[in-house]
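The structure appears right after this line, and notes come after that.
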Amino acid sequence: MSSLNPSREQLANFTRDMPDEGPILMLNLLRYRDAAAYPDDCGHSPCTGREAYKRYSRTALNKVQGVGGRVELMAPARAMLIAPEEEQWDELLLVRYPSKSAFLGMLADPEYRAATVHRTAALADSRLVGCLPSN
């Protein structure tokens, strides 16, 4: 089952389960569509999923940095060693935020929210996992 955007319940669970203080890491697993799937009335020019994700990333990276976060790692996924056969990923992204509230504040930002149309159009499937750094 494809997962692109968090539900209200998932956001509530994240807010409850992640600590209020200290940095967090967000692990993103990304599988791109061959062609971006924009809504018919959006007015965005056709492109590949990767190109649509780049459109999203231009805003998202500024917003990540604006809340004090940074990209720790972005890497192509090459071979699944332990995973369900149907679960294949194109890329992984690990982003550090100074706190849970910084991450949630970014999600609420109107400019960021507007840019998510590109992320949703870009991805066939995704995972977003909240993690804690070991240090």
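Residue numbers for the sequence shown follow our numbering, beginning at 22 and rising by one. Where a beta carbon is used, it is the ideal one built from N, C-alpha and C, also for glycine.
Give me the Cα-Cα distance between residue i and residue j, rounded to the nearest whole angstrom.
{"i": "alanine 57", "j": "glycine 43", "result": "36 Å"}
{"i": "leucine 115", "j": "glutamate 107", "result": "22 Å"}
{"i": "methionine 31", "j": "phenylalanine 124", "result": "The sequence as given places glutamine at residue 31; methionine does not occur at that position. Whole-angstrom Cα-Cα distance: 14 Å."}
{"i": "lysine 84", "j": "arginine 54", "result": "24 Å"}
{"i": "isoleucine 103", "j": "glutamine 109", "result": "11 Å"}
{"i": "alanine 98", "j": "aspartate 130", "result": "30 Å"}
{"i": "alanine 33", "j": "asparagine 26", "result": "13 Å"}
{"i": "leucine 153", "j": "glycine 90", "result": "14 Å"}
{"i": "methionine 47", "j": "leucine 113", "result": "10 Å"}
{"i": "arginine 71", "j": "leucine 51", "result": "10 Å"}
{"i": "serine 120", "j": "isoleucine 45", "result": "6 Å"}
{"i": "phenylalanine 35", "j": "proline 67", "result": "34 Å"}
Whole-angstrom Cβ separation of residue i and residue j, contact assumed at under 8 Å?
{"i": "valine 92", "j": "methionine 127", "result": "Actually they are not in contact, since the Cβ atoms of valine 92 and methionine 127 sit about 13 Å apart, beyond 8 Å."}
{"i": "tyrosine 59", "j": "arginine 140", "result": "Wrong, their Cβ atoms sit about 11 Å apart, outside the cutoff."}
For residue i and chain B, any beta-carbon pair shorter than 8 Å?
{"i": "leucine 48", "result": "As a matter of chain content, chain B is missing from the structure shown, which is built from one protein chain."}
With burial defined as no fewer than 16 other Cβ atoms inside 10 Å of the residue's Cβ, what is the status of residue i: buried or exposed?
{"i": "histidine 65", "result": "exposed"}
{"i": "serine 155", "result": "exposed"}
{"i": "alanine 143", "result": "buried"}
{"i": "alanine 96", "result": "exposed"}
Among the options, whose alpha-carbon lies nearest the alpha-carbon of residue i?
{"i": "threonine 134", "options": "Ala33, Leu51 and Arg79", "result": "According to the sequence as given, residue 134 is arginine; it is not threonine. Nearest of Ala33, Leu51 and Arg79 to arginine 134, Cα basis: Arg79."}
{"i": "aspartate 41", "options": "Gly90, Glu112 and Ser122", "result": "Ser122"}
{"i": "serine 24", "options": "Val150, Tyr77 and Asp146", "result": "Asp146"}
{"i": "valine 138", "options": "Cys63, Asp38 and Ile45", "result": "Cys63"}
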